[in-house]
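A.B. asks:
In the numbering used here, the protein residues as written are 24 to 169.
Quick look at the structure:
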């Protein structure tokens with residue numbers, strides 16, 4: 024398993040998706056936030072062996088995590104996000120459109136969501152499965168501060 028890793032530091036996940044689409048010639052890429060800890064790596068081969076888009080969870084691209092394809096991204100506009108509220112809104116709306124326009128495979132049905140942990144000075148909801156842990160600092164719309 025040898026995959027190039029690109030670190031992109033732009034606001035919001037759709038900003039990252041747009042940046043990769045506009046500034047690289049990658050045919051496909053896996054989006055994982057800096058708040059993800061990969062515990063096992065074998066699933067990454069499965070993601071890239073599949074010739075299409077891959078959502079990592081039961082909900083289409085829950086937290087935007089998954090593999091996106093250049094062909095799939097060319098089928099719809101990638102919005103420019105100006106706030107956390109817009110990002111959360113598009114997490115469901117835009118990713119559902121993307122998944123429905125493409126041959127999207129769902130890798131895992133669910134994450135466990137019943138634990139919380141203090142990390143880097145904030146309380147986080149910890150979503151995890153045997154393959155990865157995602158630390159989520161905002162898990163309810165009432166927590167969004169623009």
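All C-beta atoms, glycine included, are put in the ideal place defined by N, C-alpha and C. Nothing here was measured: the structure is a model prediction, and the numbers come from that model.
Between residue 56 and residue 88, what straight-line distance do the alpha-carbon atoms span, to the nearest angstrom?
C.D. replies: C-alpha separation (whole angstroms): 8 Å.
A.B. asks: What's the gap between the Cα of residue 137 and the Cα of residue 159?
C.D. replies: The alpha-carbon atoms of residue 137 and residue 159 are separated by roughly 12 Å.
A.B. asks: What are the uninterrupted segments assigned as beta strand (DSSP E) that are 3 or more residues long and contained completely in the region 45-132, given in chain order?
C.D. replies: DSSP runs (the beta strand (DSSP E)) wholly in the region 45-132: 51-54, 59-61, 76-78, 89-92, 127-129.
A.B. asks: Compare the Cα-Cα distances from residue 26 to each of 112, 166, 62, 70 and report the closest residue.
C.D. replies: For the residues 112, 166, 62, 70, the minimum Cα distance to residue 26 belongs to 70.
A.B. asks: Using only alpha-carbon positions, find the residue among 161, 108, 82 that is nearest to residue 123.
C.D. replies: It is 82 whose Cα lies nearest to the Cα of residue 123.
A.B. asks: Quick one: any contact between the region 107-118 and the region 131-149, if contact means 3 or more CB pairs under 8 Å?
C.D. replies: The answer is no - the region 131-149 does not touch the region 107-118, with fewer than three Cβ pairs under 8 Å.
A.B. asks: Assuming residue 136 is part of the beta strand (DSSP E), what are its boundary residues?
C.D. replies: Unbroken beta strand (DSSP E) run through residue 136: 135-142.
A.B. asks: What is the C-beta distance between residue 117 and residue 79, in whole angstroms, given that I count them as a contact (C-beta under 8 Å)?
C.D. replies: With 8 Å as the limit, residue 117 and residue 79 do not qualify as a contact, their Cβ atoms being about 16 Å apart.
A.B. asks: Going by the CB atoms, is the gap between residue 59 and residue 128 shorter than 8 Å?
C.D. replies: No, the Cβ-Cβ distance between residue 128 and residue 59 is not below 8 Å.
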